[in-house]
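Engineer:
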Amino acid sequence: MSLVIDSSAALAWVYPEEASQAILQVLELVTESGAWVPQVWRPEVANVLEVGVRRKRHDAAFRDASLADLALLSIQIDPDTQTHAWVATLRLAERHRLTVYDAAYLELALRRGLPLASLDGDLRTAAEAEGVAVMGL
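Numbering (the numbering used here), first residue to last: 1021 to 1157.
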């Protein structure tokens, strides 16, 4: 089974103190079957890791190693994220009071008929309201 993962799920794999048994099971699924992400995922993940360097949570070597590890996973970047951004994604953001960035994950899960792995409470609530299976807690 494939799924959509957001940055909070992926970053929980990077930071051991944020990893739960459920999020480690998501990693196992991604390792076995791959995952989908919207086009915003890579900049979002890189930004969180860079902010971690600036705030001295970790060093640049940790950031770079984490990005290299994530790059090894079979994570497909959805080529149609931008096409849906100004209509379907924006409507989801409006309806559920999400950022458009978070709504992009929900739009992708809906469009592909896939579960969504996230630790973001607002995104999880919106996904459940839209009938999307949620994983990760």
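The beta-carbon is built from N, C-alpha and C at its ideal position, and this holds for glycine as well.
Taking Val1068 as the reference, give the member of Tyr1035, Ile1025, Glu1114 and Arg1131 with the closest Cα.
Structural biologist: Taking only the C-alpha atoms, the option nearest Val1068 is Tyr1035.
Engineer: Roughly how many angstroms separate the alpha carbons of Gly1151 and Ala1029, rounded to a whole number?
Structural biologist: Approximately 19 Å, taken between the alpha carbons.
Engineer: Nearest by alpha-carbon distance to Ser1022: which of Leu1110, Thr1101, Glu1037 and Ala1137 is it?
Structural biologist: Ser1022 has its Cα closest to that of Ala1137, out of Leu1110, Thr1101, Glu1037 and Ala1137.
Engineer: Spatial neighbours of Ala1147 within its chain, please: C-beta separation below 6 Å, excluding the five flanking residues on both sides.
Structural biologist: These residues qualify, in order along the chain: Leu1126, Leu1136 and Val1154.
Engineer: Under DSSP, the beta strand (DSSP E) around Ala1149 begins and ends at which residues?
Structural biologist: It is not in any beta strand (DSSP E) - Ala1149 instead sits in the alpha helix (DSSP H) that spans Gly1141 to Ala1149.
Engineer: Please classify Ile1043 as buried or exposed, where buried requires at least 16 other C-beta atoms within 10 Å of its C-beta.
Structural biologist: Buried is the call here.
Engineer: Buried or exposed, going by whether 16 or more other CB atoms sit within 10 Å of the CB of Gly1109?
Structural biologist: As written in the sequence, residue 1109 is Thr, which differs from the Gly given in the question. So Thr1109 ends up on the buried side.
Engineer: Do Ile1097 and Gly1054 come within 8 Å of each other at the CB atom, strictly closer than that value?
Structural biologist: No, Cβ-Cβ distance for Gly1054 and Ile1097 is not below 8 Å.
Engineer: What residues match up with Gln1096 in a beta bridge as DSSP calls it?
Structural biologist: Paired residues: Trp1056.
Engineer: Please classify Leu1090: does DSSP put it in a helix, a strand, or coil?
Structural biologist: The answer is helix: DSSP assigns Leu1090 an H, G or I state.
Engineer: Tell me which residues share the same chain as Asp1122 and place their Cβ nearer than 6 Å to its Cβ, disregarding the 5 neighbours each side in the sequence.
Structural biologist: Result list for Asp1122: Leu1143, in chain order.
Engineer: Hey, would you say Ala1149 sits closer than 8 Å to His1104, going by beta carbons?
Structural biologist: Contact flag unset, no.
Engineer: Excluding the 5 residues flanking Ser1027 on each side, which residues of the same chain have their C-beta closer than 8 Å to its C-beta?
Structural biologist: Around Ser1027: Trp1061, Glu1064, Val1065 and Val1068.
Engineer: As a quick exercise: from Trp1106, Thr1101 and Thr1119, pick the residue whose alpha carbon is nearest that of Ala1129.
Structural biologist: Among Trp1106, Thr1101 and Thr1119, the Cα nearest to that of Ala1129 belongs to Thr1101.
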